[in-house]
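Under our numbering, the very last position in the sequence shown is 455; numbers go up by exactly one each time.
Glycine residues also receive a C-beta, built at the ideal position from the N, C-alpha and C atoms.
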Amino acid sequence: MTSRTADSLFRTSRDAHDCPTPPRHGRASLITVCSPRPLCRRMPQPTERGSPMDTGNFRGFEVAIQHPGIAVITFNEPERLNGFTQECKRDLVETLLQAQMDDFVRVVVITGTGRAFCAGDDLSGRRPADRPGLVPPIHGGHHNEIGTYEGLRHISQPVNTAVRNLDKLCIAAVNGIAIQTGLSLALACDFRIAAREARLGSATLRFGLLPDEGGQFLLVQLMGVAKTMDFLMRKRIVSAEEALALGLVNEVVEGVELMDRAMALATELANGPQVSMRLLKKSVYNAAEMTFAHALDEIAAKTAISDHHADAREGVAAFREKRAPRFNAWIDERATKR
118 MTSRTADSLF RTSRDAHDCP TPPRHGRASL ITVCSPRPLC RRMPQPTERG
168 SPMDTGNFRG FEVAIQHPGI AVITFNEPER LNGFTQECKR DLVETLLQAQ
218 MDDFVRVVVI TGTGRAFCAG DDLSGRRPAD RPGLVPPIHG GHHNEIGTYE
268 GLRHISQPVN TAVRNLDKLC IAAVNGIAIQ TGLSLALACD FRIAAREARL
318 GSATLRFGLL PDEGGQFLLV QLMGVAKTMD FLMRKRIVSA EEALALGLVN
368 EVVEGVELMD RAMALATELA NGPQVSMRLL KKSVYNAAEM TFAHALDEIA
418 AKTAISDHHA DAREGVAAFR EKRAPRFNAW IDERATKR
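What follows is the structure, given as structure tokens:
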């Protein structure tokens, strides 16, 4: 969803298939969900770190760094179901760029507070004045076709592009409602762990609108054309268990266990050989869009880099010496030089 909407409006129902009242005008994050329960979760706390990445409370989210090099981005406006504004999107893109450029950051975890991961866009504009912005505001909006196109290409869609362009692995810890913008963001991540209470859907056709931030492309990648057609055309909002069966999430856990499980996975990934893992992530996504011949050439080029890296030498030495490998010494060395 994009920033051409009025305030986000929501209601709850015991029947997830009830059709909500359409918005009065434009796009809105208007959804129906099943009897949500508040989640009791242990949130990660900031630790001492050598990362230059900006941390703290920004417009719509907060950023903390956990050992070993895990950047945790938490959407923190539960009263708005963590709806996005233009400013929030642009700050989020900046944060992801910082994560990409920071050697200390190895893995990114994205989650929400309250009963939503992110339920779409919120254009109320009412935000705490004491929250700093990472980028200056841009005025204007979706007042005509050209404005809508430019807003999508340069403000809304770059959020998902920034996630996919990360060579660090990204985990979506889907704590609750993930609708429209929230669904696309979760699908752009490399791993998705959902709380049992989570609900995922697009449902833009309920308002005669398209999923405009790349959701249909990501859905086709994950579950194929036929299931995507059913999911979108029937305006479906599915439970976490059905999302697992469809291949939209990797794992479903109890809500109280969500962040512990996400951080355990993040720690496992962060302790792996980062250069090889980053090259492999790019190769996997590129392989989905390349010819076989081009994919083989790219794999050979990336392997030539990883085979001569210090992590590869350490991995071979550890195997010969029958011990656990100690990867990523190069990251620690760079951090100590700052």
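Quick check: the Cα distance between V370 and L363, rounded to an integer number of angstroms? 16 Å
Helix, strand or coil at Q183 [DSSP, three-state]: strand
Grouping DSSP H, G and I as helix and E and B as strand, with all else coil, what is N292? coil
Between F436 and the rest of its own chain, which residues show a CB-CB distance below 6 Å, the 5 nearest in sequence each way excluded? none
Taking 8 Å as the cut-off, does the stretch 376-393 touch the stretch 183-190 (at least 3 CB pairs, one atom from each stretch)? yes
Runs of 3 residues minimum, wholly inside the stretch 361-441: which ones carry the beta strand (DSSP E) assignment? The qualifying runs are 368-370.
DSSP beta-bridge partners of N282: Beta-bridge pairing links N282 to no other residue.
By Cβ distance below 6 Å, which residues in the same chain neighbour N199 in space, the five residues on each side in sequence not counted? F192, G229, A233, C235
With DSSP run on the structure shown, which of helix, strand or coil describes F334? Helix.
Taking the Cβ atom as the reference point for each residue, do L283 and L397 lie within a distance shorter than 8 Å? At a Cβ-Cβ threshold of 8 Å, L283 and L397 do not count as neighbours.
For K352, which residues from the same chain have a beta carbon less than 6 Å from its beta carbon, with the 5 sequence-adjacent residues on both sides left out? A320, L322, R323
Does the separation of the CB atoms of L286 and L365 fall below 8 Å? no
For the beta strand (DSSP E) that G318 lies in, which residues bound it at each end? From DSSP, the beta strand (DSSP E) with G318 extends over 316-318.
If distances are taken between C-alpha atoms only, which option among D220, K419, T202, T172 comes closest to R451? D220
As a quick exercise: from K206, L375, E211, A387, pick the residue whose alpha carbon is nearest that of S301. K206
CB-CB under 8 Å to N74, same chain, minus the five flanking residues each way: which ones, in chain order? Beyond the ends of the chain as shown, which are 118 and 455, falls residue 74; an answer cannot be given.
Contacting residues, own chain, Cβ-Cβ under 7 Å from V210 (five flanking each side not counted): P275, V276, A279
Helix, strand or coil for V189, going by three-state DSSP, please let me know. strand
Classification of D238 by the beta-carbon crowding that lies within 10 angstroms, buried from 16 upward: buried
If the criterion is Cβ atoms closer than 8 Å, does the pair A315 and V337 meet it? no
Alpha-carbon spacing of E415 relative to D307, whole angstroms: 20 Å
Buried or exposed, going by whether 16 or more other CB atoms sit within 10 Å of the CB of M394? buried
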